[in-house]
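Have a look at the structure below, then the notes.
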Amino acid sequence: MNFSSLNQIEKVNAAQFQRDLLQWYEEEKRDLPWRKDKDPYKIWVSEIMLQQTRVDTVIPYFERFIDQFPTVKALAEAEEEDVLKAWEGLGYYSRVRNLQAAVREVHEQYGGRVPHTKEEISSLKGVGPYTSGAILSIAYGVPEPAVDGNVMRVMSRILSIWDDIAKASSRKVFEEAIRQLISEDDPSSFNQALMELGALICTPSSPACLLCPVREHCCAFHEGTMNELPVKTKKKTMRHLHLAAAVLKTEMGEVVIQKRPPQGLLANLWEFPNTELSGIGSPKVELELFLKREYEIETKLKAEPIAKIQHVFSHLTWDIDVYEGRVTDYCSVKENSRLVKAEEVETYAFSVSHQKIWKKAKDE
DNA sequence: AAGGCGGGGTG
DNA sequence: CACCCAGCCTT
Numbered sequence: 001m002n003f004s005s006l007n008q009i010e011k012v013n014a015a016q017f018q019r020d021l022l023q024w025y026e027e028e029k030r031d032l033p034w035r036k037d038k039d040p041y042k043i044w045v046s047e048i049m050l051q052q053t054r055v056d057t058v059i060p061y062f063e064r065f066i067d068q069f070p071t072v073k074a075l076a077e078a079e080e081e082d083v084l085k086a087w088e089g090l091g092y093y094s095r096v097r098n099l100q101a102a103v104r105e106v107h108e109q110y111g112g113r114v115p116h117t118k119e120e121i122s123s124l125k126g127v128g129p130y131t132s133g134a135i136l137s138i139a140y141g142v143p144e145p146a147v148d149g150n151v152m153r154v155m156s157r158i159l160s161i162w163d164d165i166a167k168a169s170s171r172k173v174f175e176e177a178i179r180q181l182i183s184e185d186d187p188s189s190f191n192q193a194l195m196e197l198g199a200l201i202c203t204p205s206s207p208a209c210l211l212c213p214v215r216e217h218c219c220a221f222h223e224g225t226m227n228e229l230p231v232k233t234k235k236k237t238m239r240h241l242h243l244a245a246a247v248l249k250t251e252m253g254e255v256v257i258q259k260r261p262p263q264g265l266l267a268n269l270w271e272f273p274n275t276e277l278s279g280i281g282s283p284k285v286e287l288e289l290f291l292k293r294e295y296e297i298e299t300k301l302k303a304e305p306i307a308k309i310q311h312v313f314s315h316l317t318w319d320i321d322v323y324e325g326r327v328t329d330y331c332s333v334k335e336n337s338r339l340v341k342a343e344e345v346e347t348y349a350f351s352v353s354h355q356k357i358w359k360k361a362k363d364e
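In terms of full-length UniProt numbering, the first sequence opens at residue 1 and continues consecutively.
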């Protein structure tokens, strides 16, 4: 804990800060679908979707997801395949597996009622310090901090906090600051207002200080340091992987797909057979050896790839050479694979990279 | 404390 | 290109 930072709070008049912030929020807040009611389940779903994901991206997913799984009971009883399909393209897929596991626990252990104590709600899978604070404050009106990237950026400027927000330990500094500033009357609006301010005014680069409702409370504005805060160290370099993928079609218009393992990258999503290339042989030969080894099938791949696809993740890049081939008398031993009709491919949850592959291959 | 984990928007 | 986004989990 960096107590020197906390002393900065004396620079802010908490009551006046709350009034200025909350008045602005009441006038300027966006009309978002998860703000239509205070159903803890819907707040929960929205908060999981919003982790590392922009509001504009989440909105259509949230509408469809709530339409399809409107209650704790509905999501608890849903098939994982359907839930994953509803999440397709949103990324960080462990979020939705954890969400469904946690919703099932709420359904069974809490009679379908989302718990409202810090200890109980924090014990749910996928619910960390931010999300527990968000659900408690927004759905139940409990004055708990909900410190996300927005709040750290905004408060680093307001209070001139120079702790590195990339460090996990820094979150506690901001939580302690929020505890001293939060509105006890309306913690829901207070927390959401800070995030709204971070999204609309107090942006990472070029903050719109002249439009800011709390600029008179802002140390960085007075000191002219708003463009130097927050302090955030850089992240690591990216790995680069070269893959080859096969779109294998039968005479009957069927296609071979396989399911990824339940742990790790893109867990449980469907994809086309593919292998990481060592660079020893040509991509085509390495892919054929993979298909013979893993599938025990002989394939005739076209000599040239039908597409070369690059897909960038947050921590690595895939370069995929896509080959097409015919299979006859498909009878694979590979248990996580299956043969599906071409028209049904899109009913399975695919990662975006393999959606790109199918987009190229389906018309070939 | 550090790294894995998606995908898209922005300058 | 790099950085960022209503973070959490594992090691």
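By construction, the Cβ of each residue, glycine as well, lies at the ideal position given by its N, Cα and C atoms.
From a predicted model like this one, the values you see are computed outputs, not experimental measurements.
In the structure shown, Q258 adopts extended strand secondary structure according to DSSP, grouped into three states. One Cα belongs to N268, the other to L316, and the distance between them is close to 19 Å. If the five residues before and after D164 are omitted, its C-beta is found closer than 7 Å to the C-beta atoms of S170, V231, K232 and T233, all from its own chain and listed in chain order.
For G141, the closest C-alpha among the options A166, K118, G126 and E304 is that of K118.
Assigned with DSSP and collapsed to three states, D164 falls in strand. T275 has A244 as its beta-bridge partners, per DSSP.
The beta carbon of S189 sits closer than 6 Å to those of L22 and Y25, all from its chain and outside the five residues before and after it, given in chain order. Within the DSSP bridge table, the entry for F350 names W270 as partners.
In the structure shown, I59 adopts helical secondary structure according to DSSP, grouped into three states. Closest in alpha carbon position to E294, among I357, E335, T250 and I182, is E335.
A distance below 7 Å separates the beta carbons of V255 and V345. In the structure shown, K356 falls within a helical segment according to DSSP collapsed to helix, strand and coil.
When secondary structure is reduced to three states using DSSP, L339 falls in the strand class. Excluding its 5 nearest sequence neighbours in each direction, E175 has C-beta neighbours in its own chain below 6 Å: P145 and V147, listed in chain order. By the criterion of a C-beta distance shorter than 7 Å, Y41 is surrounded in its chain by T71, V72 and V114, once the five residues flanking it on both sides are discounted.
A residue is called buried when at least 16 other Cβ atoms come within 10 angstroms of its Cβ; D321 meets this threshold and is buried. Sixteen is the threshold: when 16 or more other Cβ atoms of the shown chains lie within 10 Å of the Cβ of R157, as they do, the residue is buried.
Nearest C-alpha to I182 among S353, A15 and V333: A15. Secondary structure at D82: helix, using DSSP grouped into helix, strand and coil.
Look at T131 here: in three-state DSSP terms it is helix. Annotated as proximal: A101 and K125, with beta-carbon spacing under 7 Å.
By the Cβ test, the stretch 42-49 is not in contact with the stretch 199-217, since fewer than three Cβ pairs between them sit closer than 8 Å. In this structure P273 touches A245 by the C-beta definition: roughly 7 Å separates them, less than 8 Å. DSSP places K249 within a strand segment (E or B) once states are collapsed to three. Counting the other CB atoms within 10 Å of its CB gives G128 a total below 16, which places it among the exposed residues.
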